[in-house]
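Student: What follows is a structure written as structure tokens; I'll ask about it next.
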Amino acid sequence: MASATDIITYIGIPLAVLGVLPTLYTCLKSLLTLRTIRHTLRHNDCTAITRSSLLSGIIEIEIPRKSIAPLDRSDPLYFELRHGRYDEEKDGTLLGSRNRNGRSHLRGGTWTLLNWKEMTIGVKSYRLQYHDELSQPQAETVFESLIAFLLDRGAVPNPSGWHDLRSSGLWTPAGTKLLFGPRTSDACLWISTSDDSDGILSLAMAWENSWGVRGREALPPYWIRLTTPAGSLKERTQSENESKDEAEEQKRKDADCSSTVVQQNSAIRLRVSPQGVEDCYDESDPKQKIHPLHLHSHPGQMTASTLWFSSGCTALAAPSGSLWSFAIPPEVYHFSKRSSIPCGVLVLVGFLSDEDKVVPSWRSPYDDQREQIEKHMKFLDYSAKINAELRMPPAERQQAYQRRMEEERREMVKESMQRRVREEEKWAQELADALASQKMSVDVVVEAARKWLVEHGYAPRDAGVLTIVERILYEMVQSQEMAFTIAGFLDKWMGWSDGGGMGKLQFEELMEGKLQFAYAACVLGAIKEAAATPIGSVVSDLQECLRIWKKVRL
Numbered sequence: 128m129a130s131a132t133d134i135i136t137y138i139g140i141p142l143a144v145l146g147v148l149p150t151l152y153t154c155l156k157s158l159l160t161l162r163t164i165r166h167t168l169r170h171n172d173c174t175a176i177t178r179s180s181l182l183s184g185i186i187e188i189e190i191p192r193k194s195i196a197p198l199d200r201s202d203p204l205y206f207e208l209r210h211g212r213y214d215e216e217k218d219g220t221l222l223g224s225r226n227r228n229g230r231s232h233l234r235g236g237t238w239t240l241l242n243w244k245e246m247t248i249g250v251k252s253y254r255l256q257y258h259d260e261l262s263q264p265q266a267e268t269v270f271e272s273l274i275a276f277l278l279d280r281g282a283v284p285n286p287s288g289w290h291d292l293r294s295s296g297l298w299t300p301a302g303t304k305l306l307f308g309p310r311t312s313d314a315c316l317w318i319s320t321s322d323d324s325d326g327i328l329s330l331a332m333a334w335e336n337s338w339g340v341r342g343r344e345a346l347p348p349y350w351i352r353l354t355t356p357a358g359s360l361k362e363r364t365q366s367e368n369e370s371k372d373e374a375e376e377q378k379r380k381d382a383d384c385s386s387t388v389v390q391q392n393s394a395i396r397l398r399v400s401p402q403g404v405e406d407c408y409d410e411s412d413p414k415q416k417i418h419p420l421h422l423h424s425h426p427g428q429m430t431a432s433t434l435w436f437s438s439g440c441t442a443l444a445a446p447s448g449s450l451w452s453f454a455i456p457p458e459v460y461h462f463s464k465r466s467s468i469p470c471g472v473l474v475l476v477g478f479l480s481d482e483d484k485v486v487p488s489w490r491s492p493y494d495d496q497r498e499q500i501e502k503h504m505k506f507l508d509y510s511a512k513i514n515a516e517l518r519m520p521p522a523e524r525q526q527a528y529q530r531r532m533e534e535e536r537r538e539m540v541k542e543s544m545q546r547r548v549r550e551e552e553k554w555a556q557e558l559a560d561a562l563a564s565q566k567m568s569v570d571v572v573v574e575a576a577r578k579w580l581v582e583h584g585y586a587p588r589d590a591g592v593l594t595i596v597e598r599i600l601y602e603m604v605q606s607q608e609m610a611f612t613i614a615g616f617l618d619k620w621m622g623w624s625d626g627g628g629m630g631k632l633q634f635e636e637l638m639e640g641k642l643q644f645a646y647a648a649c650v651l652g653a654i655k656e657a658a659a660t661p662i663g664s665v666v667s668d669l670q671e672c673l674r675i676w677k678k679v680r681l
């Protein structure tokens, strides 16, 4: 018979050992998981405080949360990618040292691809049981700075993505692409899951070395460069106006002095915002700032000069897709697409001729049969008087001759007045026909204006519309008077275009300001070309999203 000692020895002890095994397994698993997590954190250059509970198997991790901002553009690392530990091991450059500023491959650490200014703003705590649950806190950043940084590196906005974000907000599906990489359809910024965002917009990013197509010499986003060759538009305009009186000359000089004038034949760089020109300087002297106050407006008080100058800059930069800060208003886009100038008006002001193929028949047929009959009757009467004088005696002939000369003088005065009346009636009928004629498309008006500027020496013969627009914008920065004149003409043009069309008063203004009309037409043509690109809608959606979300998690 087995004793109590045997039972304890052969049954109790094994059962006790079996009861401790789960605890031992949990402890061992906790130690191994902790070791793996520390190894992962070290290889991803992530500083953290780790603690483990051996009995429960829970690993507690505290990882600092960062606030990031782009480096200064002059920093050598601004356009560089970070090189993580794994990349350096592959290249054989690690040499046993740890890269403390490397790339993280953890979930939530996509922001470590690029170089930033970093600041710790808090700690994120995690409680894990398995190493594959490990993630890194997303970094906080200013949304506008993030977008400007990626655009500066060559990213391209996705119109549909920004439209979805503006429409759906935080309910935008994860994976929605906001920015594409340069010259690729791969996303470099997209909507991420909101596990760690706490109600803040959550984003993720990617970047490849092969995408690096821009450098420090390229223009930053929201900036545009304006150049003008020798013989500027302003010089030509001033030479034409030299015959004005001294008061007008002094007034124009005062207006020019009120705006900052830069050196001729140099380039200027300026940053355009929703309020107009925010920053401007001459490339020949970057430290000397230019302050074109006539091209800047306060929020909610957009002036005509600011509106049309900013719209022109946005249209000029549309082909290169480098200016995403100003959204051209929808009413300006609609105006740029609307046919508003009658073909007869363009003929009367000298921009087109009746022989041009694009000009349809617009004049009313003129019947001069009545004038021909009157001329014939006057000729017969004149012949009869001459024949009658020849049959008279000399004394009577002299008297008849004098009477005939007096009648002819009175008749000449009468004919002159009648001729003037007929010409006025003919001009009134011609003007009425011109105002009622078929309206030409904006493309025809712009091309006619371009040719007129070339023919009259205001633009080089090989100048395109965008080249002329660039010179106009350059002069608008220099001259407050020119900016107000062109913007005012465009404002009036849009006003009567929306209000029923051109009338006699508008025609007279156009006749007096042909040069301003030609400039305005070129600016409007550039805006119309920009309307054919997706830049208009994406800028509007992008700026609205930047206004709604000041900070995001990356």
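The working numbering puts the first residue of the sequence shown at 128, with every later residue one more than the last.
Positions of the beta carbon are idealized from the N, C-alpha and C atoms, including for glycine.
1) Let's test the definition: count the other Cβ atoms within 10 Å of the Cβ of Lys655 and tell me whether it reaches 16, buried, or not, exposed.
2) Taking only three categories from DSSP, how would you classify Cys407?
3) Quick check on the burial criterion: 16 or more other C-beta atoms within 10 angstroms. Buried or exposed for Ile417?
4) Taking the C-alpha atoms as reference points, what is the distance between Ile675 and Phe276?
5) Pairs of beta-carbons, one from the stretch 339 to 351 and one from the stretch 311 to 323, closer than 8 angstroms: are there three or more?
6) Report the option in Leu420, Ala431, Arg396, Pro426 whose CA atom is closest to the CA atom of Lys414.
7) In the structure shown, what three-state DSSP assignment does His461 receive?
8) Do you know offhand how far Phe206's Cα is from Arg280's?
9) If you measure between the beta carbons of Val573 and Val592, is that distance less than 7 angstroms?
10) Given 8 angstroms as the limit, is there contact between the stretch 430 to 438 and the stretch 620 to 640, that is, 3 or more CB pairs closer than that?
11) Would you give the residue range spanned by the beta strand (DSSP E) that Tyr253 belongs to?
12) How would you call Asn171, buried or exposed, if buried means at least 16 neighbouring beta carbons within 10 angstroms?
13) Can you tell me which of Gln402, Met519, Lys484, Arg234 puts its alpha carbon nearest to the alpha carbon of Asp323?
14) To the nearest angstrom, report how far apart Ser337 and Thr311 are at their CA atoms.
15) Is the stretch 636 to 648 in contact with the stretch 263 to 277, if contact means three or more CB pairs nearer than 8 angstroms?
16) Which residue from Thr132, Ala653, Lys502, Val472 puts its Cα closest to that of Ser463?
17) Specify, as a first and last residue, the run of the beta strand (DSSP E) that Arg307 falls within.
18) Roughly how many angstroms separate the alpha carbons of His542 and Glu635, rounded to a whole number?
19) Whether or not the stretch 604 to 613 and the stretch 511 to 529 are in contact is what I'm after, with contact meaning three or more pairs of Cβ atoms, one per stretch, closer than 8 angstroms; do they touch?
20) I need the boundaries of the alpha helix (DSSP H) containing Cys173, first residue and last residue.
21) Give every residue of the same chain whose Cβ lies closer than 6 angstroms to the Cβ of Arg254, excluding the five residues on either side of it in the sequence, and list them in chain order.
22) I think Leu473 touches Met539, with their Cβ atoms under 8 angstroms apart; what is that distance to the nearest whole Å?
23) Between Ser432 and Leu422, is the Cβ-Cβ spacing less than 7 angstroms?
24) Hey, how far is the Cα of Gly403 from the Cα of Leu617?
25) Could you have a look at Ala658 and say whether DSSP puts it in helix, strand or coil?
26) To which residues of the same chain is Glu405 closer than 6 angstroms at the C-beta, ignoring the five residues directly before and after it?
27) Do the CB positions of Tyr601 and Leu353 come within less than 7 angstroms of each other?
28) With distance defined between alpha-carbon atoms, name the residue in Glu245, Pro191, Cys470 nearest to Glu557.
29) Quick check: Asp589 and Arg490, are their CB atoms within less than 7 angstroms of each other?
30) With 16 as the cutoff for other CB atoms within 10 Å, does Lys193 come out buried or exposed?
Tutor: From the atom records:
1) Label assigned to Lys655: buried.
2) Cys407: strand per DSSP, three-state reduction.
3) By the neighbour-count criterion, in which 16 or more other beta carbons inside 10 Å mark a residue as buried, Ile417 falls on the buried side.
4) In a straight line, the C-alpha of Ile675 is about 19 angstroms away from that of Phe276.
5) With the cut-off at 8 angstroms, the stretch 339 to 351 and the stretch 311 to 323 do not touch.
6) Scanning Leu420, Ala431, Arg396, Pro426 for the CA closest to the CA of Lys414 turns up Arg396.
7) His461 falls in the helix class under three-state DSSP.
8) Roughly 7 angstroms between the two C-alpha positions.
9) Yes.
10) With a cut-off of 8 angstroms, the stretch 620 to 640 and the stretch 430 to 438 do not count as touching, because too few Cβ pairs lie within range.
11) Unbroken beta strand (DSSP E) run through Tyr253: 243 to 255.
12) That one is buried.
13) In terms of CA proximity to Asp323, Arg234 leads the group Gln402, Met519, Lys484, Arg234.
14) Cα-Cα distance, rounded: 10 angstroms.
15) Not touching, per the Cβ criterion.
16) Among Thr132, Ala653, Lys502, Val472, the Cα nearest to that of Ser463 belongs to Ala653.
17) A small fix is needed here, since residue 307 is Phe in this sequence, not Arg. First-last of the beta strand (DSSP E) with Phe307: 304 to 307.
18) Position check: residue 542 holds Glu in this sequence, whereas His was assumed. C-alpha separation (whole angstroms): 28 angstroms.
19) Look at the beta carbons and you see the stretch 511 to 529 not touching the stretch 604 to 613: under three pairs across the two are nearer than 8 angstroms.
20) In this chain, Cys173 is not harboured by any alpha helix (DSSP H), its DSSP state being neither H nor E.
21) Leaving aside the five residues that flank Arg254 on each side, the residues in its chain whose CB is nearer than 6 angstroms to its CB run, in chain order, Ile185, Glu187.
22) About 37 angstroms; that fails the 8 angstroms criterion.
23) If you check the CB distance, Ser432 and Leu422 come in under 7 angstroms.
24) Gly403 and Leu617 have their C-alpha atoms roughly 17 angstroms apart.
25) Looking at Ala658 - three-state DSSP - the assignment turns out to be helix.
26) Result list for Glu405: Arg398, in chain order.
27) By the CB criterion at 7 angstroms, Tyr601 and Leu353 fall inside the cutoff.
28) Measuring from the Cα of Glu557, the nearest candidate turns out to be Cys470.
29) Not closer than 7 angstroms, so no.
30) When all chains shown are included, Lys193 counts as buried.
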